[in-house]
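Enquirer: From first to last, the protein sequence lines stand for chains A and B. Here our numbering is used: the first residue of the first sequence is 1, the next is one more, and so on. Here our numbering is used: the first residue of the second sequence is 1, the next is one more, and so on. Have a look at this one before I ask anything.
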Amino acid sequence: MIKLENVSKSYVKGKKSVDSLDLEIKDGEIFGFLGPNGAGKTTTIKMVTGILNSDEGKILVDDKDIKIDSISAKKTIGFVPDTPDIFLKLKGIEYLNFMGDIYEVPKEIRTQRIEELTKKFEIYDNLNEEMQGYSHGMRQKIIICGALLSNPKNWILDEPMTGLDPKASYDLKEMMRKHAKEGNCVFFSTHVLEVAEKLCDRVGIINKGKLIFVGTFDDMKAKLKDNGTLEELFLEITQDE
Amino acid sequence: MKIIIKKQVKYGKIILYAILLVYLMGIFGFLSYGLITTLMQIQQEAMFIGIFLLALAMLTLIQSIISATNVFYFSKDLDYILPLPLKSSEILVSKLNVILVTEYIMEIMFALAPIIVYGLLTSAGPIFYIVALLVLLIFPIIPILIATFIIMIIMSFSKGAKNKDRFKLIAPILGIIIALVISFSVSGTSEVSDDQLIEILMQANSMVEVVSDSLPVIKPAINAIVDSSFIEFLKLLGVTAIIYIVFILIGNKLYFRGAVGNLSSGAKKGRNITGKDIKINSVRKIICKKRI
């Protein structure tokens with residue numbers, strides 16, 4: 001469970017990048033976070049994962065405050081950032097072992113999870129290569145594998161489909177569904193409305209730092225004019241602000 | 001074929017680094033030989049260790065200022081390390097270790113040969129080499145901590161430091177200026193007679209006295225090496241350990257204040273553009289402006 005209570009963040013005085021955000025992502029739910037570029041999606045995710053401190057408000061991950069009880073809260077999070085260009089000097093297997101060490105994944109489970117995840121994403125044969133030789137998509141895949149290695153309860157994914165090939169994208173969506181079905185929480189940002197519609201139990205739309213809609217796609221359709229396409233619905237909501 | 005080329009490149013690199021290492025060690029060994037034999041004429045060869053450690057401390061300090069900026073603040077990994085369930089002290093210590101390893105490599109190049117030459121010329125026993133090696137392992141820690149602390153203060157409180165390119169450009173220039181000031185104040189001219197050299201070394205030695213008052217590692221390190229004394233080494237270890245613990249306690253708060261601040265500094269509120277803002281510029285000018 002991820003809960004944001006009245007969370008605000010400013011990079012510059014007088015301009016709130018995230019403004020009084022209240023949001024709850026329940027266990028067993030896939031929650032899609034939508035919004036135009038620069039709306040505050042990544043800033044929100046960075047605050048939830050402890051990269052940034054919020055100026056106001058409280059963020060709870062499984063009832064643990066990310067500022068106060070940060071280590072325990074972070075242990076329950078599997079985070080995929082929006083750019084996968086990290087630890088490039090490491091070999092794929094070294095990176096996964098590093099993640100396994102941090103999240104204290106026992107060797108037997110680690111072996112099994114690494115094999116399962118990397119074979120699913122078809123990077124098993126590249127694990128002994130340095131990540132700087134990987135393509136963008138392969139880097140994205142290894143980062144996802146690293147984030148999911150410890151089977152964390154709360155998945156937080158920032159634009160996770162970017163750069164993935166159709167099969168990997170399909171597999172990831174299936175994994176997200178399965179994870180939520182098992183009673184866990186999936187919170188991800190995306191620009192692809194069709195993905196959000198097919199995958200999410202609920203979506204939140206953020207614009208200029210403010211959360212302007214939370215609900216299901218059916219709620220969204222009911223609220224707005226009939227017969228509109230997804231894009232038209234999205235544009236109507238974000239332009240009204 | 002690809003694997004063979006890769007292996008050749010790898011071995012080529014190793015050979016190249018080995019040549020560079022031997023070359024640098026040769027230069028510093030030769031320089032040390034000249035200084036030590038000159039000091040031996042007035043039975044003051046022990047003075048060499050003081051001057052050598054002062055130079056090493058300054059070099060470590062300057063290099064660490066540049067490394068600390070990159071490792072602690074401008075490395076891209078911070079965005080990925082902060083969400084991990086790591087204690088702030090773990091991140092701090094592992095980043096310090098990165099700088100320490102760099103300094104050890106530098107010590108192999110610059111510090112090993114002078115110590116060996118000194119040992120040979122003074123007919124030192126094996127204890128000397130063991131103590132000197134231990135001192136070289138501990139000695140860079142405090143200059144690294146001082147450099148890192150300076151950078152942390154700057155990054156925590158200075159807005160100017162948030163321009164990565166500008167800061168990266170200024171830090172090495174600052175380092176070079178400090179190095180030049182030190183080198184000119186110590187030497188001044190390139191060709192000197194033995195008497196002049198002794199005078200310069202005396203000046204350098206008085207600088208050692210001055211610096212060792214504010215840099216608490218210098219004196220125990222000198223005494224440990226000159227007297228091959230384990231007790232003096234333990235003193236050095238003790239002082240270093242105390243400063244290290246204090247640094248970790250303060251650094252924990254200071255670093256994350258600066259680091260998170262640095263990540264937050266993405267946007268500046270700008271005014272709306274007017275017609276004057278749209279203009280044709282030289283590409284070279286803009287690339288240059290971007291760097292400065």
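By construction, the Cβ of each residue, glycine as well, lies at the ideal position given by its N, Cα and C atoms.
#1: Pull up the distance between the alpha-carbon of residue 6/B and that of residue 15/B, whole angstroms please.
#2: Do the CB positions of residue 59/A and residue 23/A come within less than 7 Å of each other?
#3: Just verifying my parser: in three-state terms, what is the DSSP assignment at residue 289/A?
#4: DSSP has residue 12/A in a bridge; who is on the other side?
#5: Going by DSSP in three states, residue 200/A sits in which element: helix, strand or coil?
#6: Restricting to Cα atoms, I'd like to know which of 167/A, 135/A, 49/A, 213/A is closest to residue 156/A.
#7: Is it the case that the region 232 to 245 of chain B contacts the region 134 to 147 of chain B, given that we only count it when at least three CB pairs across the two stretches are under 8 Å?
#8: Measure the Cβ-Cβ separation of residue 58/B and residue 205/B and say whether it is below 7 Å.
#9: Note the first and the last residue of the continuous beta strand (DSSP E) segment covering residue 34/A.
#10: Classify residue 143/A: buried if its beta carbon has 16 or more other beta carbons within 10 angstroms, exposed otherwise.
#11: What did DSSP end up calling residue 126/A once you bin it into helix, strand or coil?
#12: May I have the straight-line CA-CA distance separating residue 127/A from residue 177/A, to the nearest angstrom?
#13: In the DSSP output, which residue or residues are listed as bridge partners for residue 79/A?
#14: With distances taken between CB atoms, is the gap from residue 196/A to residue 32/A smaller than 7 Å?
#15: Residue 49/A CB to nearest chain B CB: under 7 Å?
#16: Where does residue 217/B fall in DSSP's three states?
#17: Looking at residue 50/B: is its Cβ nearer than 7 Å to the Cβ of residue 117/B?
#18: Does DSSP put residue 103/B in a helix, in a strand, or in coil?
#19: Taking a contact to mean a Cβ-Cβ separation below 7 Å, would you say residue 138/B touches residue 237/B in this structure?
#20: Does any C-beta atom of chain B lie closer than 7 Å to the C-beta of residue 79/A?
#21: Is residue 79/B helix, strand or coil when you go by DSSP?
#22: Work out the CA separation of residue 25/B and residue 130/B for me, nearest whole Å.
#23: If you compare alpha carbons, which of 4/B, 124/B, 256/B is closest to residue 78/B?
#24: Can you find a C-beta in chain B that's less than 7 Å from the C-beta of residue 64/A?
#25: Which residues mark the beginning and the end of the alpha helix (DSSP H) in which residue 192/A is found?
#26: In angstroms, rounded to a whole number, what distance separates the CA positions of residue 22/B and residue 127/B?
#27: Should residue 12/B be labelled buried (16 or more other beta-carbon atoms within 10 Å of its own) or exposed?
#28: For the region 198 to 222 of chain A, which residues have a CB atom closer than 9 Å to at least one CB atom of chain B, in sequence order?
#29: The region 120 to 133 of chain A: which residues have C-beta closer than 7 Å to a C-beta of chain B, in chain order?
#30: Identify whether residue 182/A lies in helix, strand or coil by the three-state DSSP scheme.
#31: Is residue 160/A buried or exposed, if buried means 16 or more other CB atoms sit within 10 Å of its CB?
#32: State the DSSP-derived secondary structure class of residue 281/B, mapped to helix, strand or coil.
#33: By the 10 Å Cβ neighbour count, where 16 or more other Cβ atoms means buried, how is residue 146/A classified, buried or exposed?
#34: Smallest Cα separation from residue 217/A: which of 96/A, 117/A, 202/A, 125/A?
#35: DSSP puts residue 141/A in a beta bridge; with which residues?
#36: Taking residue 214/A as part of the beta strand (DSSP E), name the residues at either end of that continuous run.
Expert: The short version:
#1: Distance from the CA of residue 6/B to the CA of residue 15/B, rounded to the nearest whole angstrom, comes to 14 Å.
#2: Result no, Cβ atoms of residue 59/A and residue 23/A do not sit closer than 7 Å.
#3: Within the shown structure, residues of chain A are numbered from 1 to 241, placing residue 289/A beyond reach of any answer.
#4: In DSSP, residue 12/A forms a bridge with 15/A.
#5: DSSP, reduced to helix, strand and coil, places residue 200/A outside both helices and strands of the structure shown, so it counts as coil.
#6: Distances from the alpha-carbon of residue 156/A to those of 167/A, 135/A, 49/A, 213/A put 49/A closest.
#7: Enough Cβ pairs lie closer than 8 Å, so yes.
#8: In this structure, the beta-carbon distance from residue 58/B to residue 205/B does not fall below 7 Å.
#9: 30 to 34 is the span of the beta strand (DSSP E), which, as asked, contains residue 34/A.
#10: Looking at its Cβ environment, which holds 16 or more other Cβ atoms inside 10 Å, residue 143/A is buried.
#11: Helix.
#12: Distance between the alpha carbons of residue 127/A and residue 177/A is about 26 Å.
#13: Its beta-bridge partners are 156/A.
#14: A contact, by the Cβ cut-off of 7 Å.
#15: Residue 49/A counts as touching chain B.
#16: In the displayed model, residue 217/B falls within coil according to three-state DSSP, outside both helix and strand.
#17: Against a cut-off of 7 Å, the Cβ pair of residue 117/B and residue 50/B comes out as no contact.
#18: In the structure shown, residue 103/B sits in a helix (DSSP, three-state: H, G or I).
#19: Pairing residue 138/B with residue 237/B gives a Cβ-Cβ distance under 7 Å.
#20: True, the Cβ-Cβ gap to chain B drops below 7 Å.
#21: DSSP places residue 79/B in helix when its eight states are reduced to three.
#22: When rounded, the distance between both Cα atoms is 19 Å.
#23: Ranking the options by Cα distance to residue 78/B, first place goes to 256/B.
#24: Residue contact with chain B for residue 64/A: absent (no Cβ-Cβ distance below 7 Å to any residue of chain B).
#25: For residue 192/A, no alpha helix (DSSP H) encloses it, and the DSSP letter there is neither H nor E.
#26: Going from the Cα of residue 22/B to the Cα of residue 127/B covers about 25 Å.
#27: Exposed.
#28: Per Cβ criterion, the list is empty.
#29: If the cut-off is 7 Å between Cβ atoms, the region 120 to 133 of chain A has nothing near chain B.
#30: Annotated three-state conformation of residue 182/A is coil, per DSSP.
#31: It is buried - the Cβ of residue 160/A has at least 16 other Cβ atoms within 10 Å.
#32: DSSP places residue 281/B in coil when its eight states are reduced to three.
#33: Residue 146/A is buried by the Cβ-count criterion.
#34: Residue 202/A is the option with its Cα nearest to residue 217/A.
#35: The partner list for residue 141/A (beta bridge, DSSP) is empty, contrary to what the question assumes.
#36: 210 to 215 is the span of the beta strand (DSSP E), which, as asked, contains residue 214/A.
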